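Numbering-wise (full-length UniProt numbering), the sequence shown opens with residue 1 and increments by one. Here is the structure we will look at.
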Amino acid sequence: MSERTLSVDALETYLRCPRRYAFAHVDEVRRPTADSDSSDRVDLARRAICDGLRTGELERDSLEEAMFERLATLWSEHDERFHSLAQRRFERRVLEATVRAYVEAVGTTHAAGIDELRSTSTAGELIGPALSLSSTVSISADEAATTRSITLESSVDYVVPDGASLVGVRFVPTVDSLGLLRYRSDWEGDVAELFADHFDPDDPTFEPGPVGTLLETAAVLDGLRELCDRLGLEGRTCRYVLIPLADRSRNSVNWVSETVETSVEAIDLTDVFLDHHTFGMTHEHRNETVEQRLASVVADLVSERREPASGWDQIETNSCPDCAYAVCCPRYISRRVGFDG
1 MSERTLSVDA LETYLRCPRR YAFAHVDEVR RPTADSDSSD RVDLARRAIC
51 DGLRTGELER DSLEEAMFER LATLWSEHDE RFHSLAQRRF ERRVLEATVR
101 AYVEAVGTTH AAGIDELRST STAGELIGPA LSLSSTVSIS ADEAATTRSI
151 TLESSVDYVV PDGASLVGVR FVPTVDSLGL LRYRSDWEGD VAELFADHFD
201 PDDPTFEPGP VGTLLETAAV LDGLRELCDR LGLEGRTCRY VLIPLADRSR
251 NSVNWVSETV ETSVEAIDLT DVFLDHHTFG MTHEHRNETV EQRLASVVAD
301 LVSERREPAS GWDQIETNSC PDCAYAVCCP RYISRRVGFD G
């Protein structure tokens, strides 16, 4: 039986700074973020898309209309403060363009896949948002030759079949934190080196974004395998896909006609995560190196280790400048405040 539950979000926070993890996930200190309004708007699009998929509509126009209707209802209840009515209208058009782009890119295909899966799976919810997944990580206990089981909680917004695979889809604001993972399609080479270097105390590499994403992918894929068993879909491989819904670089705005166009691109993390040696041994989309490191990070976190293995220099350079908890961090303050004796 699992003795403790952790979220995958906590893992990346811990990689960025153990003290930040303590503030956010142990002490539960609330912090406003600069992009909180943007995240709230992404949540509106996420809910509208999921509710639209839940209607069972398969034709593009009908599916899009179902999502627009739900978005209109959610938007009428959205109380974000805008500087003008013009900005409020603009942000709604951006959301509508995002939903339209989603339907065009993958929406109808995924709706058909979900409909097929509903007719063949034995039981279980397929659509969220925030469809809960869980996986178990075994770590060494204090007593010799014993282990503890830690449950990792993650989520996807819906699952859809793709050939012999079950795909977990998660909506995110952007994929900026993926770094190198956005531009590589294989684990071997640059990605494997970056992953190893991040944990090397003698190497200056500090990449909590992509490294945390790889750990998250391991947890999500394990959770999807457990979901496959519950749905009676044993034998399927699993894949993990991110879909960014607030990538402003893809927006095209015509201020004369007051129209917005955008595009949506799904990012499949499976191939860049997959270790072909492990796949050959297990016939599952796994990566032994990442999974072993995941267990190590979880063990450090559970043991309440608050000192990073590679020291504080990289954290102070890369994490402290944008940390909302810096003003209440004794270490940060002590490094910047001096007293004449």
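Glycine included, each C-beta is placed from N, C-alpha and C at the ideal position. Just so we're clear, the structure is a prediction, and the values are computed from it rather than from any experiment.
According to DSSP, is residue i helix, strand or coil?
i      : result
Arg336 : helix
Gly23  : Correcting the residue identity first, residue 23 is Phe in this sequence and not Gly. Reduced to three states, the DSSP call for Phe23 is helix.
Cys238 : strand
Val29  : coil
Ala326 : helix
Gly56  : coil
Ser261 : Looking at the sequence provided, one finds Glu at residue 261 rather than Ser. Strand at Glu261.
Ser319 : coil
Gly107 : helix
Leu44  : helix
Gly189 : coil
Leu274 : coil
Kindly list the residues whose CB is nearer than 7 angstroms to the CB of residue i, restricted to its own chain and excluding five residues on each side of it in sequence; keep chain order.
i      : result
Thr147 : Ser138, Ile139, Ser140, Ala141
Name, in chain order, the residues that DSSP records as bridge partners for residue i.
i      : result
Phe195 : The partner list for Phe195 (beta bridge, DSSP) is empty, contrary to what the question assumes.
Pro244 : Val172
Leu133 : Ser154
Val11  : Here the sequence assigns Leu to residue 11, which means Val is not the residue at that position. BP columns for Leu11 are empty, so no partner.
Ser140 : Thr147
Asp268 : Val241
Thr5   : Thr151
Ile127 : Tyr158
Quick one: give me the first and last residue of the alpha helix (DSSP H) that residue i is part of.
i      : result
Ala97  : 85-102
Glu291 : 288-302
Glu226 : 208-231
Got a sec, what are the start and stop residues for the beta strand (DSSP E) residue i sits in?
i      : result
Tyr158 : 147-162
Gly168 : 165-172
Ser252 : 252-254
Give every residue of the same chain whose Cβ lies closer than 6 angstroms to the Cβ of residue i, excluding the five residues on either side of it in the sequence, and list them in chain order.
i      : result
Gly124 : Arg230, Leu231
Notebook entry, point to check: Would you call the segment 255-270 and the segment 95-107 in contact, with 3 or more CB pairs under 8 angstroms?
Noted result: yes
Margin query: Under 8 angstroms, with one C-beta from each stretch per pair, do the segment 214-222 and the segment 61-69 reach the 3-pair mark?
Written below: no
Notebook entry, point to check: Do three or more CB pairs link the segment 73-80 to the segment 207-218 at distances below 8 angstroms?
Noted result: no
Check: Looking at C-beta atoms only, is the number of pairs between the segment 284-302 and the segment 2-16 that lie closer than 8 angstroms three or more?
Finding: yes
Next item on the list: Answer yes if the segment 162-182 comes into contact with the segment 36-47, meaning at least three C-beta pairs across the two stretches below 8 angstroms, and no otherwise.
Entry: yes
Notebook entry, point to check: Is it a yes or a no for the segment 105-121 touching the segment 190-198, going by three-plus beta-carbon pairs under 8 angstroms?
Noted result: no
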